[in-house]
Structures are given as C-alpha cells and as structure tokens.
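J.:
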Amino acid sequence: MNHMRVRTAITSALLIASILIGSSIPVTGYPYKPSETTVANALNYLRSVQAENGSIGDFANSAWAVMAIAAAGDDPHKWNRTNSSPSIVDYLKNNAGKLDLNKATDVERFILAITAAGEDPRNINGMNYLRILEGLWD
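Positions -16 to 121 (our numbering) are the ones given, in order, by the sequence shown.
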C-alpha cells in the first residue's frame, strides 16, 4: 500500500512539473506585428476581395474584417474601392438593418467592429447598440 502512495506522489509531481514547464515556454510567432509580411499579405487579400459597396464578404465577415484591419493598425474608414465609394465602416453603418437584434452575438460583433473603427456604438444612425445588447440580458 505504501508503494502505491509513493507511485501516486511521484506521478502527481511529474504531472505538475510538466504543466508548469509547458506553460512557461514562450510561444513565438504570435501575435504578429502589423509590420510583418503575413499581416501585409492578409490585408492585401482583404483589399482584393472588397466590393464596390465597401463590404468584404457578407455583413458578419465585414465586421470581422473591420476588427482585423484596425488590429493591424490601418484605419478602416479609409478602406474603400475608390475615393467616391463607401468605406467598409460606411457599409456596416448603412447596412445595420441586417443585424438580428434578437441575437446577442450579432449585436456584440457589430459593437466590437464599430468600436474598433473608432465609432461610438451608442449612436449609430440614431441607435444605441449598447442598450440593445443590455436589453438582451435576462
């Protein structure tokens, strides 16, 4: 019986040591810096698929793209196909009616994107999306 306790103690100590050592090893390569080639390539791809109306994919994907653009240090307000076409931020604001206001995840994603773009989610086209989100909490 004593032999079993020693074995359990040693196994536990090895498990704890491996967890501690594994969690202290730094992860390299993430997050990418905005100046890295990988980020530039991703931004170039997003620009290449942006539509004339400012969107990148559908409404939800455009919101994610705004967050990525802002995280890379670019201004999503300046992301438009031509000088006279709407930006991706304009697209989100002009198409906010595509949101399902009964789904917290839709509203949250929109709030995150609008905030990443430097806009105030309390007043987008006269709508307070923070209040809408609060109203979904029960």
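Glycine residues also receive a C-beta, built at the ideal position from the N, C-alpha and C atoms.
Computed from a prediction, not measured in an experiment: that's the story for all the values here.
Are three or more beta carbon pairs between the region 84 to 96 and the region 41 to 53 nearer than 8 angstroms?
T.: yes
J.: Quick check for students: name the residue ranges of the alpha helix (DSSP H) that lie wholly in the region 8 to 39, counting only runs of 4 or more.
T.: Unbroken alpha helix (DSSP H) stretches of 4 residues or longer found wholly inside the region 8 to 39: 20 to 32, given in chain order.
J.: Applying the criterion that 16 or more other CB atoms from any shown protein chain within 10 Å of the CB defines a buried residue, is Asn63 buried or exposed?
T.: With at least 16 other beta carbons inside 10 angstroms of its own, Asn63 counts as buried.
J.: Classify Ile(-1): buried if its beta carbon has 16 or more other beta carbons within 10 angstroms, exposed otherwise.
T.: exposed
J.: So the candidates are Gly118, Ile97 and Glu117; which of them puts its Cα closest to the Cα of Asn108?
T.: If we check each option's Cα against that of Asn108, Ile97 comes out closest.
J.: Can you give the Cα-Cα distance for Asn24 and Asp58, rounded to whole angstroms?
T.: Going from the Cα of Asn24 to the Cα of Asp58 covers about 17 angstroms.
J.: Please list, in chain order, all residues of the same chain as Ala55 whose beta carbon is under 8 angstroms from its beta carbon, the five residues on each side excluded.
T.: Pro17, Val22, Ala25 and Leu26
J.: Straight-line CA distance for Glu19 to Leu29?
T.: Glu19 and Leu29: Cα-Cα distance of roughly 16 angstroms.
J.: Going along the chain, which residues of its own chain have a beta-carbon closer than 7 angstroms to the beta-carbon of Lys76, five neighbours each way excluded?
T.: The beta carbon of Lys76 lies closer than 7 angstroms to those of Ile107 and Asn108 in the same chain, with the five residues before and after it left out.
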